[in-house]
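Engineer: Just dropping this structure here.
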Amino acid sequence: MRVQHNVGGIQGLGPVWTERRIFVEPWEERIFGVHVAMMGLGIWRWTDLRKKAESMNPIDYFTNRYYEKWLGGIEAFLVENGYLDGAEIEARTSAILNAADAVPQVPGSDAATGRIVDYLWRGDSPERELGCAPSFQVGDAVRATVYEPWNHTRLPGMLRGKAGVVDLVYEGAYHLPEAGPDGNEAGPGPVYSVRFDPAALWGALAEPGHAAFYADVWEHYLEPA
Amino acid sequence: MRVQHNVGGIQGLGPVWTERRIFVEPWEERIFGVHVAMMGLGIWRWTDLRKKAESMNPIDYFTNRYYEKWLGGIEAFLVENGYLDGAEIEARTSAILNAADAVPQVPGSDAATGRIVDYLWRGDSPERELGCAPSFQVGDAVRATVYEPWNHTRLPGMLRGKAGVVDLVYEGAYHLPEAGPDGNEAGPGPVYSVRFDPAALWGALAEPGHAAFYADVWEHYLEPA
Amino acid sequence: MTANHEHYHHPETERHSAARTKAIESLLLEKGIIGSDTVDKVITFFETDMGPLNGAKVVARAWTEPQFREWLLRDSTAAVASMGFFGAEGEHIRVVANEPGVHHLIVCTLCSCYPWPLLGLPPYWFKDPVYRARAAIEPRAVLREFGLDIPAGTEIRVWDSSAQIRYMVLPERPAGTAGMSMAELVPLVTPGSMQGIELARPVAST
Amino acid sequence: MTANHEHYHHPETERHSAARTKAIESLLLEKGIIGSDTVDKVITFFETDMGPLNGAKVVARAWTEPQFREWLLRDSTAAVASMGFFGAEGEHIRVVANEPGVHHLIVCTLCSCYPWPLLGLPPYWFKDPVYRARAAIEPRAVLREFGLDIPAGTEIRVWDSSAQIRYMVLPERPAGTAGMSMAELVPLVTPGSMQGIELARPVAST
């Protein structure tokens, strides 16, 4: 089990952290900017970031702040994919720690900035042509499949094996980037908004009176209930 | 979900701690002795300790050492059940921290020690008379029920909804101390040794070639598969 | 030994993370992968073009134009695009409307999906695993921690953004705002009211 | 930021835990709930009466007496009780025997169930959540971390003590021990060999 796939409903975590700021340290805004640049340049996708987060040590996942996970994921990805060298990151980090002005100022790529701003305005929709009609319609009882994802999933773990009712059929089809050990991604398919009864998901642990939990679920994960 | 009910198969935890000692700090041996005393005197049961551990903040559960959980559980139980007062524990702890010889020496109960050693030799079997014949026999396909335990369970979470084969029917019946919100314990019932295919439990995450995972499962948790 | 709530700000760790971030940015720059102004441009973009003021304008318009409200709830993506709000993480938008007896709350249990063009970037609470774990199973208790008491008779609907649709809550229009202009209404639409952790701000009693 | 492996020994925390333990023990004593010698007696009990030497004697006898071995595997609780090994956490014992092509490993994924009368108290690795998580799903990798390589052709059977039965592994008798007495065999039976994390010690080559 990857704990990160089963976050919804974990017991005993204590009070919510009600921090309303987006960034709590200046470096967090910078690493977010690097992330957006990597997205806009096609260097990585959300899926790559999510794979990193979903494969973390679960204790680190819960104790590292949000952007600490991003920083770790971005660095590991850039090294694994040959964009940067681990040793040069180490050396540069040490240089910066030892003397704040150690970073040479070079112009970089102007074209890159344009592409990135363009991405922010265009977005990157996973919508694809629908190959065949959706199998379910509004009001159908559906059940999420029981399986253990290989490393990345878009089916929240608490839904596995649980039945709900289709509340909405989204138009079109959306690319599902989940892959098994063979590396092939599931690909495009219909997506449904499914209403689940919280008591069916969490039994007596669900808050009394909690009536409606909705999740967006790919047809890939559903069977008739 | 209580993460503590789903420990078997959690991914990404890193290397095993191969520490072979039983106690790594002298106080651990003392709190273990207090635990045994509480067992022998009928002050608490394993179930009480387990309830405390299973309801912990999961991050604390994974990061606190074993006997840190016992110490926390024992202290909370003794206070909740009126054996000790929280304030007197605090005051005594401070006194000890400030002066090592602050503990008055009093004789205590000699009879208690005898009862505790007797418990160690007698044990405390949960075996009970079997009310009715076991429903399953060796070779039967069985499936563990899908449910979310209220606070304490003896069904490891990774078995929920999974099918296995009865490998052995234990003689007699055993008390199952699991209770729901109403506080009533499940009571005595047959127990089976059930063989599960690791790939059925954990899919592609199971170690290649891992062929056999056996668990002892109360009939309470089983249905025909 | 409790793990939450301090969220681990150790000056040494932060100093190291800052240096590491700067190292990565400066190396990407030297290799010509990004431009010297790239990260600044991204940050400015979210300060000027993608923030909760956009969502507030959508809400205020829905409060004042019944036809727009109907369009917004039927085809959220097109309706908000018509006001110029679109882009990354806003390719597919769904607006859910609070009404008497129904309160909506958004969460992303798997990560931190959020409608950037309408609300900007998500606040820390939305990204923290504790909110994500608890909003799903005990929304009423979570809302109380944000200071919002939802009456027992009101159904709370929790929306988990587990696919590519990004959610925004259309809060109820506060009492005593009849006849107010969009410009007057927009300040009442707090970010929290569009996430479901609070109601739109009541009109100040003068 | 990795959470494992240090297992959090902070002198201040340990000092505090020690004082708290002493506070609880001394208060229970003052209230007449326990005796002044209770905790010492318990500790002595495990040093003298319940430890892995018991299990080693059972194993050595099973190696040398086929009839006892048969009884031990058929009715473990009765067989070990006949040698004087019974008591708390040994009310229901099950001994599983290694053989060519089959290796056994014990775990308790829910807590730390362990056959006290045969093996004493469990070592830290057995109680640690990381062992409990990983032994269940990847026993071969875990055994390699203990220095034991199980050939691919050997089936590893993992036993989870999820009810009240307590497990012990009967390791295979090492080669070259024919004719050895129980007294000579007992030292070959390490605690790890009865848990499944190692094999019985080979005979020292002289």
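Residue numbers (my numbering), protein chains in the order written: chain X, 4 to 228; chain A, 4 to 228; chain D, 302 to 507; chain S, 302 to 507. Backbone N, C-alpha and C fix where the C-beta goes; we use that ideal spot for every residue, glycine too.
Would you verify that the beta carbon of Arg375(S) is, or is not, closer than 9 Å to some beta carbon of chain A?
Structural biologist: So no, Arg375(S) is outside the interface.
Engineer: Residues of chain X with CB under 9 Å from Tyr415(D), in chain order?
Structural biologist: Chain X residues near Tyr415(D): none, gap ~10 Å exceeds 9 Å.
Engineer: When you compare only the Cα positions, how much space is there between Ala218(X) and Gly117(A)?
Structural biologist: C-alpha of Ala218(X) to C-alpha of Gly117(A): approximately 59 Å in a straight line.
Engineer: Using a Cβ-Cβ distance cut-off of 9 Å, determine whether His393(D) contacts chain X.
Structural biologist: It does; some Cβ of chain X falls within 9 Å.
Engineer: For Val149(X), which residues in the same chain have their Cβ closer than 7 Å to its Cβ, ignoring the five residues on either side in sequence?
Structural biologist: Arg163, Gly164
Engineer: Whole angstroms is fine: what's the gap from Glu390(D)'s alpha carbon to Val340(D)'s?
Structural biologist: Rounded to the nearest angstrom, the two C-alpha atoms are 18 Å apart.
Engineer: Say whether chain X places a C-beta atom closer than 9 Å to the C-beta of Arg441(D).
Structural biologist: yes
Engineer: Give every residue of the same chain whose Cβ lies closer than 8 Å to the Cβ of Leu420(S), excluding the five residues on either side of it in the sequence, and list them in chain order.
Structural biologist: Gly352, Pro353, Asn355, Gly356, Met469, Pro492, Met495, Gln496
Engineer: Determine, for Ala215(X), whether the minimum Cβ-Cβ distance to residues of chain A falls below 9 Å.
Structural biologist: no
Engineer: Shortest alpha-carbon distance to Leu444(S) belongs to which of Trp426(S), Glu499(S), Arg370(S), Lys323(S)?
Structural biologist: Here the closest residue by C-alpha is Glu499(S).
Engineer: Cβ closer than 8 Å: which chain X residues qualify as neighbours of Tyr150(A)?
Structural biologist: Gly206
Engineer: Ends of the alpha helix (DSSP H) at Ser97(X)?
Structural biologist: Residues 89-101.
Engineer: Residues of chain A with CB closer than 7 Å to the CB of Val6(X), please, in chain order.
Structural biologist: Val6, Ile13
Engineer: Are the Cβ atoms of Pro472(S) and Val504(S) separated by less than 9 Å?
Structural biologist: no
Engineer: Between Met302(S) and chain A, is any beta-carbon pair separated by less than 9 Å?
Structural biologist: Note on Met302(S): pLDDT 38, under 50, position unreliable in the model; the coordinate value appears next. Proximity of Met302(S) to chain A, defined by a Cβ-Cβ separation below 9 Å, is not satisfied.
Engineer: Nearest-angstrom Cα distance between His404(D) and Pro193(X)?
Structural biologist: In this structure, the straight-line span from the alpha carbon of His404(D) to that of Pro193(X) is close to 27 Å.
Engineer: Report yes if the C-beta distance between Pro180(X) and Ala189(X) is below 9 Å; otherwise report no.
Structural biologist: Yes, Cβ-Cβ distance for Pro180(X) and Ala189(X) is below 9 Å.
Engineer: Could you work out which residues of chain D lie near Gly229(X), taking near to mean beta carbons separated by less than 8 Å?
Structural biologist: Residue 229(X) falls outside the range modelled here, since chain X spans only 4 to 228, and no answer is possible.
Engineer: Count the other CB atoms, across all protein chains shown, that sit within 10 Å of the CB of Gly159(X); report buried if there are 16 or more and exposed otherwise.
Structural biologist: According to the sequence provided, residue 159(X) is Pro. The question's Gly does not apply to it. By the neighbour-count rule (16 or more Cβ atoms within 10 Å), Pro159(X) is buried.
Engineer: Taking Cβ-Cβ distances below 7 Å as the criterion, which residues of the segment 460-492 of chain D are in contact with chain X?
Structural biologist: Per Cβ criterion, the list reads Trp460, Asp461, Ser462, Ser463, Ala464, Gln465, Ile466.
Engineer: Any idea if Pro488(S) is buried or exposed, counting beta-carbon neighbours within 10 angstroms, 16 or more meaning buried?
Structural biologist: By the neighbour-count criterion, in which a residue is buried when 16 or more other Cβ atoms sit within 10 angstroms of its Cβ, Pro488(S) is exposed.
Engineer: Alpha carbon to alpha carbon, how far is Pro416(D) from Leu225(X)?
Structural biologist: 26 Å
Engineer: Residues in the segment 152-163 of chain X with C-beta within 7 Å of chain A's C-beta atoms, listed in sequence order?
Structural biologist: Trp153, Met161
Engineer: Between Glu31(X) and Tyr69(X), is the Cβ-Cβ spacing less than 9 Å?
Structural biologist: By the CB criterion at 9 Å, Glu31(X) and Tyr69(X) fall inside the cutoff.
Engineer: In chain order, what residues of the same chain lie with their CB nearer than 8 Å to the CB of Arg441(D), ignoring the 5 residues before and after it?
Structural biologist: Ile451, Ile457
Engineer: Suppose the cutoff is 6 Å on Cβ atoms and the five residues either side in sequence are ignored; what does the same chain contact list for Ile335(S) look like?
Structural biologist: Leu329
Engineer: Closest to Ile46(A) by C-alpha separation, out of Ala144(A), Lys54(A), Ile77(A), would be which residue?
Structural biologist: Per the Cα distances, Ile77(A).
Engineer: Can you name the residues of chain A whose CB is closer than 7 Å to the CB of Phe346(S)?
Structural biologist: Val120, Leu123
Engineer: In terms of DSSP beta bridges, what is His178(X) paired with?
Structural biologist: As computed with DSSP, His178(X) is found in a beta bridge with Pro191(X).
Engineer: With 16 as the cutoff for other CB atoms within 10 Å, does Arg23(X) come out buried or exposed?
Structural biologist: With fewer than 16 other CB atoms across the displayed protein chains lying within 10 angstroms of its CB, Arg23(X) is exposed.
Engineer: Using a Cβ-Cβ cut-off of 9 Å, state whether Thr349(S) counts as contacting chain A.
Structural biologist: no
Engineer: By DSSP, does Met170(A) sit in helix, in strand, or in coil?
Structural biologist: Correcting the residue type first, residue 170(A) is Asp in the shown sequence and not Met. Strand.
Engineer: Expressed to the nearest angstrom, what Euclidean distance is found between the alpha-carbon atoms of Val10(X) and Val459(D)?
Structural biologist: 15 Å
Engineer: From Val169(X) to Val408(D), what distance separates their C-alpha atoms?
Structural biologist: 19 Å
Engineer: Give me the Cα-Cα distance between Ser413(D) and Glu313(S), rounded to the nearest whole angstrom.
Structural biologist: 37 Å
Engineer: How is Glu348(S) classed by DSSP in three states: helix, strand or coil?
Structural biologist: helix
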